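Let me begin by presenting the structure, written as structure tokens, before commenting on it.
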Amino acid sequence: MGRILLTLGLLIGFSRAAGVASFAVVVHPSNPITSLRLRDLQAMFGGVTKQWEHGPKVVLIERQPESPSFRFLMGRLLNTSASEYKRNLASIEFKGETPVTLKVLNSEATACKYMFYVPGAIALVETGSLSTPECSQLKVVRIEGKLPAEDGYRLR
Amino acid sequence: MASFWAVPRPVVGQDRQDEIIQKLIARVEALEREVAALKQTAAAQSPAQPAPSEPASAVAVPKQETAVATEPPQPEPEPSEASKYTFHGYADAGFQRNEDGASDKKFVLGEIDLFATARISPKLTALVEAVLETNNQALVADVPVNVERLLLQYRANDYLNLDIGSYRTAIGFYNTTLRASWLQTSLTRPMLFTFEDEGGFLPLHNVGLSANGKVPSGDLGLHYVVEVGSSRNYAQPGRTGLDWEQNAAVNVALYARPRVIPGLQMGFSSYHDKFSPAPGSNLSRSVWTAHAVYQAHRFEFLNEAVLARFREPGLGYGNVPGFYSQLGYRVGSNWTPYTRYDYVNVYGRGSVGEYAPQYVPWRTVFSGGLRYDVTESVALKFEIGRETSRLQQAWMRAALQVAFTF
Numbered sequence: 000m001g002r003i004l005l006t007l008g009l010l011i012g013f014s015r016a017a018g019v020a021s022f023a024v025v026v027h028p029s030n031p032i033t034s035l036r037l038r039d040l041q042a043m044f045g046g047v048t049k050q051w052e053h054g055p056k057v058v059l060i061e062r063q064p065e066s067p068s069f070r071f072l073m074g075r076l077l078n079t080s081a082s083e084y085k086r087n088l089a090s091i092e093f094k095g096e097t098p099v100t101l102k103v104l105n106s107e108a109t110a111c112k113y114m115f116y117v118p119g120a121i122a123l124v125e126t127g128s129l130s131t132p133e134c135s136q137l138k139v140v141r142i143e144g145k146l147p148a149e150d151g152y153r154l155r
Numbered sequence: 000m001a002s003f004w005a006v007p008r009p010v011v012g013q014d015r016q017d018e019i020i021q022k023l024i025a026r027v028e029a030l031e032r033e034v035a036a037l038k039q040t041a042a043a044q045s046p047a048q049p050a051p052s053e054p055a056s057a058v059a060v061p062k063q064e065t066a067v068a069t070e071p072p073q074p075e076p077e078p079s080e081a082s083k084y085t086f087h088g089y090a091d092a093g094f095q096r097n098e099d100g101a102s103d104k105k106f107v108l109g110e111i112d113l114f115a116t117a118r119i120s121p122k123l124t125a126l127v128e129a130v131l132e133t134n135n136q137a138l139v140a141d142v143p144v145n146v147e148r149l150l151l152q153y154r155a156n157d158y159l160n161l162d163i164g165s166y167r168t169a170i171g172f173y174n175t176t177l178r179a180s181w182l183q184t185s186l187t188r189p190m191l192f193t194f195e196d197e198g199g200f201l202p203l204h205n206v207g208l209s210a211n212g213k214v215p216s217g218d219l220g221l222h223y224v225v226e227v228g229s230s231r232n233y234a235q236p237g238r239t240g241l242d243w244e245q246n247a248a249v250n251v252a253l254y255a256r257p258r259v260i261p262g263l264q265m266g267f268s269s270y271h272d273k274f275s276p277a278p279g280s281n282l283s284r285s286v287w288t289a290h291a292v293y294q295a296h297r298f299e300f301l302n303e304a305v306l307a308r309f310r311e312p313g314l315g316y317g318n319v320p321g322f323y324s325q326l327g328y329r330v331g332s333n334w335t336p337y338t339r340y341d342y343v344n345v346y347g348r349g350s351v352g353e354y355a356p357q358y359v360p361w362r363t364v365f366s367g368g369l370r371y372d373v374t375e376s377v378a379l380k381f382e383i384g385r386e387t388s389r390l391q392q393a394w395m396r397a398a399l400q401v402a403f404t405f
């Protein structure tokens, strides 16, 4: 029994160390926000919150559907599917409310570069991309008070 | 660089090749240092570089790579062009079996819902929604074009938006949120929210003025809607619910979207106007609704209750209480089975009370179905239902539909 538990523990530990993707929330450097609650993040990407507290409109920067960050956004953060997500955003617009501003870009580097010109932008990127020149000067936002490298970080 | 490698190289020994590669790498590094120095000089000479004002797509991202690598540029105005105009179309087609209990079976073309907005200025938006009602194959040469909505919207701030024009009344949840078939999970609308021109008894469209927005309420997420207008006139031969008078309609709605439970919405509305189902009559019509809706984490749970009251001094009154409850759950990423129960009762006194059951003949509808999202824009639906009515025996109906957006 003890041997089985040890093997299981080793397997879990190995899989966490080797294969667990982690994602960071980045915003424009001028954005005063430093930390977000998970439900605030869900409200933004879900189209419920369309304006930052300090004024600018929220501009969602997303990747194409086959990218890891988009799959994480759908499957883990919002617990929805791509078609359901599209329908939800269309419903907001159809109701006559202010539509969600959404930009789909084809790489993390392009997304990060684009964000420099959009003060209200927010994006979900793989933490591995944070060291790239394009993403390194964006501001990484704490989620529930934690940064991607810290224990208990929720976006992984 | 590609053309360089494409040039045929002389055959040399391995040591010689390595030496050449080392020299090339050293040369490339020296060139990179020179380029970096030149870029820093250029950046110092022109610190305020103009940025493109309106990046519209991925390919329009400005090519300021040097600025990106050294120092982030100053914030530029947010893109304004990206969402200036929007256009979406919603359509459906399908096959129906025994829709009205008359043992018919037929292919049907649904309706084509054309929806467009245009931002006239930062605070002014025009919204148009026109529906081509193509579902009557017997009268294909006479396809009604219904202007569902035509609105000029003024968005002062989150707390005050003014809409003028033709709008869908904020009676309940379904009427303001779900119209086109692709947007709805189910194949059919709840019977309570049948449109006026199809025999519905609720005033779902008005022309007038609407004020709406948030109410400062913190995490409770309160919103209000106040509408003043005229109810629509659906003058068609044989239409029993003809509204001659179009008297002033007032509707007040309040709903909450609590931040602590994303996906939950609860609210109520109170609507009043004058209603003339027949020449000479002038009924006072009141409609109260309440709803509790949850749409998140794969669930769709819609619940709405309605109480409509028609009365006229000396002619009696008619009351129509009803509700529907719909539950759906997404399985996997594409399959959503759902079920719905619709109920209505009619009672009253006097001539109004006698007439009311003819105006609202149905009693219950129990339906269930399955939605399958073939792609992000195309959905296939199947639904089966059992209806009871005051005018005929209960019957079963079934339908298959493909709904899409473009």
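In the order they appear, the protein sequences are chains H and G. For what it's worth, numbering that gives the first Met the number 0 labels the leading residue of the first sequence as 0, then goes sequentially. For what it's worth, numbering that gives the first Met the number 0 labels the leading residue of the second sequence as 0, then goes sequentially. We put the CB at the ideal spot given by N, CA and C, even for glycine. Being a predicted model, the structure only gives us computed values, none of them experimental.
I'd like to know whether the C-beta atoms of residue i and residue j end up nearer to each other than 8 angstroms.
{"i": "threonine 133(G)", "j": "glutamate 110(G)", "result": "yes"}
{"i": "serine 66(H)", "j": "valine 140(H)", "result": "no"}
{"i": "leucine 301(G)", "j": "tryptophan 287(G)", "result": "no"}
{"i": "phenylalanine 200(G)", "j": "valine 364(G)", "result": "no"}
{"i": "leucine 182(G)", "j": "glutamate 195(G)", "result": "no"}
{"i": "arginine 370(G)", "j": "arginine 389(G)", "result": "no"}
{"i": "serine 165(G)", "j": "leucine 151(G)", "result": "no"}
{"i": "serine 283(G)", "j": "glutamate 311(G)", "result": "yes"}
{"i": "valine 292(G)", "j": "phenylalanine 172(G)", "result": "yes"}
{"i": "asparagine 211(G)", "j": "arginine 231(G)", "result": "no"}
{"i": "tyrosine 316(G)", "j": "glycine 347(G)", "result": "yes"}
Can you have a look at residue i and say buried or exposed, based on whether 16 or more other CB atoms are within 10 angstroms of its CB?
{"i": "isoleucine 119(G)", "result": "exposed"}
{"i": "lysine 380(G)", "result": "buried"}
{"i": "glycine 151(H)", "result": "exposed"}
{"i": "arginine 86(H)", "result": "buried"}
{"i": "arginine 8(G)", "result": "In this prediction, arginine 8(G) has a pLDDT of 41, which is less than 50 and means its spatial position is unreliable; what the coordinates show is noted afterwards. With fewer than 16 other Cβ atoms within 10 Å, it is exposed."}
{"i": "histidine 27(H)", "result": "buried"}
{"i": "tryptophan 158(H)", "result": "This structure cannot settle anything about residue 158(H), because the visible part of chain H is limited to 0 through 155."}
{"i": "valine 319(G)", "result": "buried"}
{"i": "aspartate 157(G)", "result": "exposed"}
{"i": "histidine 407(G)", "result": "Since the first residue of chain G shown is 0 and the last is 405, residue 407(G) is not available in this structure."}
{"i": "proline 76(G)", "result": "With a pLDDT of 48 at proline 76(G), under the threshold of 50, the predicted position of this residue should be treated as unreliable, though the coordinate-derived value follows. It is exposed - the Cβ of proline 76(G) has fewer than 16 other Cβ atoms within 10 Å."}
{"i": "glutamate 197(G)", "result": "exposed"}
{"i": "asparagine 250(G)", "result": "buried"}
{"i": "serine 80(H)", "result": "buried"}
{"i": "glycine 149(H)", "result": "Residue identity differs from the one stated: residue 149(H) is glutamate in this sequence, not glycine. Exposed, by the Cβ-count rule."}
{"i": "isoleucine 142(H)", "result": "buried"}
{"i": "leucine 83(H)", "result": "First, the amino acid is wrong: residue 83(H) is glutamate here, not leucine. Classification for glutamate 83(H): buried."}
{"i": "histidine 53(H)", "result": "exposed"}
{"i": "glycine 217(G)", "result": "exposed"}
With DSSP as the reference, please indicate the residues paired to residue i in a beta bridge.
{"i": "methionine 395(G)", "result": "Arg385(G)"}
{"i": "threonine 338(G)", "result": "Leu326(G), Gly367(G)"}
{"i": "phenylalanine 405(G)", "result": "Partner(s): none; phenylalanine 405(G) has no beta bridge."}
{"i": "serine 202(G)", "result": "Looking at the sequence itself, residue 202(G) is proline, so the reference to serine does not match. None; proline 202(G) has no bridge partner."}
{"i": "serine 21(H)", "result": "Serine 21(H) is not bridged to any residue."}
{"i": "phenylalanine 309(G)", "result": "Arg284(G), Gly317(G)"}
Rounding to the nearest angstrom, what Cα-Cα distance links residue i and residue j in this structure?
{"i": "proline 72(G)", "j": "serine 332(G)", "result": "Below a pLDDT of 50, predicted positions are generally treated as unreliable, and proline 72(G), at 48, falls in that range; no measurement from the model is reported."}
{"i": "aspartate 372(G)", "j": "glycine 74(H)", "result": "16 angstroms"}
{"i": "glycine 119(H)", "j": "alanine 101(G)", "result": "57 angstroms"}
{"i": "glycine 349(G)", "j": "glutamate 382(G)", "result": "39 angstroms"}
{"i": "leucine 159(G)", "j": "proline 215(G)", "result": "11 angstroms"}
{"i": "serine 106(H)", "j": "proline 98(H)", "result": "24 angstroms"}
{"i": "leucine 64(H)", "j": "arginine 70(H)", "result": "It should be noted that the sequence gives proline, not leucine, for residue 64(H). Rounded to the nearest angstrom, the two C-alpha atoms are 7 angstroms apart."}
{"i": "leucine 108(G)", "j": "isoleucine 170(G)", "result": "28 angstroms"}
{"i": "alanine 247(G)", "j": "alanine 179(G)", "result": "28 angstroms"}
{"i": "glycine 440(G)", "j": "leucine 314(G)", "result": "Because chain G in this structure spans residues 0 to 405, residue 440(G) falls outside the shown range and cannot be described."}
{"i": "leucine 263(G)", "j": "glycine 220(G)", "result": "10 angstroms"}
{"i": "glutamate 133(H)", "j": "alanine 108(H)", "result": "6 angstroms"}
{"i": "glycine 368(G)", "j": "isoleucine 32(H)", "result": "45 angstroms"}
{"i": "aspartate 272(G)", "j": "alanine 110(H)", "result": "52 angstroms"}
{"i": "asparagine 344(G)", "j": "glutamine 391(G)", "result": "16 angstroms"}
{"i": "threonine 131(H)", "j": "glutamate 375(G)", "result": "32 angstroms"}
{"i": "threonine 404(G)", "j": "alanine 125(G)", "result": "21 angstroms"}
{"i": "serine 285(G)", "j": "tyrosine 323(G)", "result": "19 angstroms"}
{"i": "isoleucine 121(H)", "j": "proline 276(G)", "result": "53 angstroms"}
{"i": "serine 366(G)", "j": "alanine 89(H)", "result": "26 angstroms"}
{"i": "glutamine 95(G)", "j": "glutamate 147(G)", "result": "25 angstroms"}
{"i": "aspartate 141(G)", "j": "glycine 384(G)", "result": "30 angstroms"}
{"i": "leucine 146(H)", "j": "valine 24(H)", "result": "9 angstroms"}
Assuming residue i contacts residue j under a Cβ cut-off of 8 angstroms, what Cβ separation, rounded to an integer in Å, is found between them?
{"i": "alanine 42(H)", "j": "proline 261(G)", "result": "6 angstroms"}
{"i": "lysine 102(H)", "j": "valine 58(H)", "result": "6 angstroms"}
{"i": "arginine 153(H)", "j": "alanine 20(H)", "result": "Not a contact, Cβ separation roughly 13 angstroms."}
Below 7 angstroms on C-beta distance, what does residue i contact in chain B?
{"i": "histidine 296(G)", "result": "Absence of chain B from the displayed structure is noted, the protein chains being H and G."}
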